């Protein structure tokens, strides 16, 4: 049986301040602090990258949603933005400081993807395993 949170956790983020990324990390830690440390770090990195991409490439506001699924223990993160351009994986040059974010999202997620929204823009999503970290009991039980 799959038990899901009835309403996703949602945070709206203004377009004008990149400093809001710090608030997103803090919010994710507060609302999902019950998951194991490793899972929370993976989740925080994925959320940070997806929101940072909005500031770097979409140039507009975004909405972040997180939905928890107990069995199997997974958290789905969705970030809406106003751009219809798909995310790009692995287009960084040797020695570049940037351009590896979606490669990292791919490595830390069970799966990820994007979909265009009927009203315009897109939703980029990722599913993160929140099962037990090594040596810990599952937070989902």
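Numbering (the UniProt record's numbering), first residue to last: 1 to 141.
Cβ coordinates follow ideal geometry from the N, Cα and C atoms, glycine included.
It should be emphasised that the depicted structure is a prediction, and the values quoted were computed from it without experimental measurement.
As assigned by DSSP and simplified to three states, the class of residue i
i, result
"residue 88", "coil"
"residue 59", "coil"
"residue 101", "helix"
"residue 78", "strand"
"residue 45", "helix"
"residue 111", "strand"
"residue 51", "helix"
Given residue i as reference, the closest of the options once Cα atoms are compared
i, options, result
"residue 28", "77, 105 and 125", "77"
"residue 106", "9, 46, 37 and 34", "46"
"residue 116", "31, 67, 86 and 69", "86"
"residue 35", "24, 108 and 74", "74"
"residue 66", "25, 118 and 121", "25"
"residue 20", "10, 44, 9 and 52", "52"
"residue 33", "119, 110 and 68", "68"
Beta-carbon contacts of residue i that lie in its chain and below 6 Å, excluding the five residues immediately before and after
i, result
"residue 103", "89 and 90"
"residue 42", "108 and 128"
"residue 63", "12 and 80"
"residue 110", "127 and 129"
Exposed unless 16 or more other CB atoms sit within 10 angstroms - verdict on residue i
i, result
"residue 124", "buried"
"residue 59", "exposed"
Cβ-based neighbour list, residue i, same chain, cut-off 8 Å, excluding 5 preceding and 5 following
i, result
"residue 49", "101, 102, 104 and 105"
Close Cβ partners of residue i (< 7 Å) along its chain, the five nearest in sequence each way excluded
i, result
"residue 147", "This structure cannot speak to residue 147, because the chain is shown only from 1 to 141."
"residue 113", "125"
Those residues which DSSP pairs with residue i across a bridge
i, result
"residue 40", "According to DSSP, residue 40 bridges with nothing at all."
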